[in-house]
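Here is the structure we will look at.
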């Protein structure tokens, strides 16, 4: 707890960010269930997000389970569906599946590590003066959702 650890802060922050960015919305209400490994430290967290106008989302974070690593996203809309497998580490294996009008296609987005993308964005911001794609205000909004998830699960938000 002193290190602000747990599944929500370790891997859940990526899932929350992905849900926010794919939906283009900020959650209005949150419900959550969790399992703890120590007092106030979650080893598993699942949150249901109300994104407004009937849109919903679900984020799951786990530090103990099988498989050891699984990151995916699924977006369902009135015209079709998008499924992303391993969007955070495409250098290992990934795929983007688009289903539209009953037809499915798989796309690959290259195998550039996301850490390299982050380094390039940092360079562009510092050296080239370009805007950073995720400014500090985005991190604050992400933490507001994570804090809401903690409260919904019956845990205290992490200290600032």
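Residue numbers (my numbering): 809 to 968. Even for Gly, the Cβ is constructed at its ideal location relative to N, Cα and C. Keep in mind the model is a prediction, meaning the values are calculated, not measured.
Give the secondary structure of residue 920 by DSSP, where H, G and I count as helix, E and B as strand, and everything else as coil.
coil
For my contact list, residue 856 and residue 870 are in at a C-beta cut-off of 8 Å; report their separation, rounded to the angstrom.
With 8 Å as the limit, residue 856 and residue 870 do not qualify as a contact, their Cβ atoms being about 16 Å apart.
Euclidean distance between Cα positions of residue 896 and residue 947:
17 Å
Residue ranges of each beta strand (DSSP E) within the stretch 828-904, 3 or longer:
837-846, 849-860, 863-870, 880-884, 888-893
Status (buried if at least 16 other CB within 10 Å, exposed otherwise) for residue 816
buried
By how many angstroms is the C-alpha of residue 878 removed from the C-alpha of residue 893?
8 Å
Unbroken beta strand (DSSP E) run spanning residue 914, endpoints
911-915
By the DSSP assignment, the alpha helix (DSSP H) with residue 956 in it spans what residues?
944-961
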